[in-house]
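First the structure, in the form of structure tokens, and then the observations on it.
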Amino acid sequence: MTVRTRFAPSPTGFLHIGGARTAYLNALYARRHGGQYLLRIEDTDKSRSTPEAVAQIIESLDWLGLTPDEPPVMQSAREARHREVAEALLASGQAYRAYETADELKAMREAATLAHRPPHYSGHWRDRESGPAEAGRPYAIRIKAPRGGSTIVDDLVQGRVEVSHAELDDMIILRSDGTPTYLHAVVVDDHDMGITHVIRGDDHLTNTFRQCMVFDAMGWARPAFAHVPLIHGADGAKLSKRHGAVGVLEWRDQGILPEAALNALLRLGWGQGDTEIIGAEEAARVFDIADVGRAAARMD
Ligand code: GLU
């Protein structure tokens with residue numbers, strides 16, 4: 000098996016150092032195993048993605064020496080494929096058409112909240128055939144969540160994580176306007192790009208269980224997952240502007256060398272004894288994702 004990793008930023012702003020660290024870990028893991036490190040720009044949210052942000056992300060990665068091994072994949076260019084997979088799940092009976100309107104879904108969520116239940120979709124259309132009343136009405140495609148039992152992920156950083164299927168509902172994979180949802184698109188892309196290891200921030204851990212539904216329903220092998228803790232400021236709060244420069248190009252403009260930037264990023268939550276300085280080549284020889292700490296890294 001050839002290791003293939005990817006960094007998958009959403010181009011909604013500049014590349015911050017948390018993202019750069021994720022990219023570096025992906026690159027290191029691939030290099031360590033003689034594999035490839037790829038870049039996927041997750042630009043499906045057209046109202047928030049900008050070409051300037053895409054250019055800035057690529058410029059930042061190039062400056063750091065984290066240019067991907069293949070041309071970047073633009074997620075928005077793959078919508079037809081996302082739709083095709085949703086249709087395939089529909090055809091195989093693992094997904095279904097759901098005809099609720101936005102107002103009906105809102106009422107469903109409100110009723111669940113009032114009854115102190117999680118705001119899950121009721122599954123109303125799961126085992127119902129549509130009739131003449133539905134003809135020509137818009138519908139979303141929902142995937143059938145597994146019932147009974149649980150999903151287990153042996154995360155390379157977090158360890159074994161188990162989620163009961165009672166916590167999952169039949170999520171939408173294709174909206175009524177024909178656009179794929181984010182959680183669906185990610186799985187189709189990771190599969191088609193041949194990704195073997197998904198290394199990303201631990202804010203995506205809960206998404207993983209929903210993404211597994213799509214891998215499993217398609218009969219695709221799941222990749223290995225490694226959810227790395229986010230970077231916090233010296234005060235323990237999630238890293239933000241008020242902690243100082245958090246943009247990769249801000250570091251560059253302050254005169255920080257890319258080698259130093261990479262070294263600092265690597266030392267956040269990973270280390271080799273007391274070694275303070277580890278170049279990218281040396282790191283690629285010794286890096287193991289399993290050695291990344293589980294606690295949030297503090298950037299001092
Ligand atoms: N696009 C997501 C983000 O920027 C990353 C998704 C992933 O790595 O799976 O947070």
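The numbers in numbering that gives the first Met the number 0 rise by one with no breaks, and the one at position 137 of the sequence shown is 136. Glycine is no exception: its CB is placed at the ideal position from the N, C-alpha and C atoms. No experiment lies behind these values; they were computed from the predicted model shown.
| Check | Outcome |
| --- | --- |
| Candidates L167, L63, R31 and G270: which alpha carbon is nearest S149's? | L167 |
| Beta carbon of H196: closer than 7 Å to some heavy atom of the ligand GLU? | no |
| Assuming V247 contacts H15 under a Cβ cut-off of 8 Å, what Cβ separation, rounded to an integer in Å, is found between them? | 7 Å |
| Using DSSP with H/G/I as helix, E/B as strand and the rest coil, what is D44? | coil |
| Three Cβ pairs or more, each shorter than 8 Å: is that satisfied between the region 0 to 9 and the region 240 to 258? | no |
| Name the one or two DSSP bridge partners that Y95 has. | R141 |
| Taking the DSSP output, what are the residues bridged to R108? | None; R108 has no bridge partner. |
| For R127, count neighbouring Cβ atoms within 10 angstroms of its own Cβ and tell me buried if that reaches 16, exposed if not. | exposed |
| Just the C-alpha distance for T43 and T100, rounded to the nearest angstrom, thanks. | 23 Å |
| For D126, does the three-state DSSP call read helix, strand or coil? | coil |
| According to DSSP, which residues form a beta bridge with Y36? | T4 |
| Any idea what DSSP makes of L173, helix, strand or coil? | strand |
| Report the CB separation of W269 from D299 in whole angstroms; it is logged as a contact under 8 Å. | At roughly 15 Å, the Cβ-Cβ gap does not stay under 8 Å, so W269 and D299 are not in contact. |
| Can we say the region 174 to 192 touches the region 79 to 96, given the rule of at least three CB pairs closer than 8 Å? | yes |
| For the region 40 to 58 against the region 10 to 29, do three or more pairs of beta-carbon atoms, one drawn from each stretch, fall closer than 8 Å, so that the two count as touching? | yes |
| Let me check one thing: in DSSP terms, what residues is K240 bridge-paired to? | Paired residues: none, contrary to the question. |
| If we count the other Cβ atoms within 10 Å of its Cβ and call it buried at 16 or more, is H226 buried or exposed? | buried |
| Cα-Cα, which of M217, Q157 and M73 is closest to T306? | For residue 306 there is no data in the structure shown, the boundaries of the chain being 0 and 299. |
| For M170 versus R141, is the C-beta distance shorter than 8 Å? | yes |
| Looking at C-beta atoms only, is the number of pairs between the region 188 to 207 and the region 123 to 139 that lie closer than 8 Å three or more? | no |
| For the ligand GLU, is there any heavy atom lying closer than 7 Å to the beta carbon of S48? | no |
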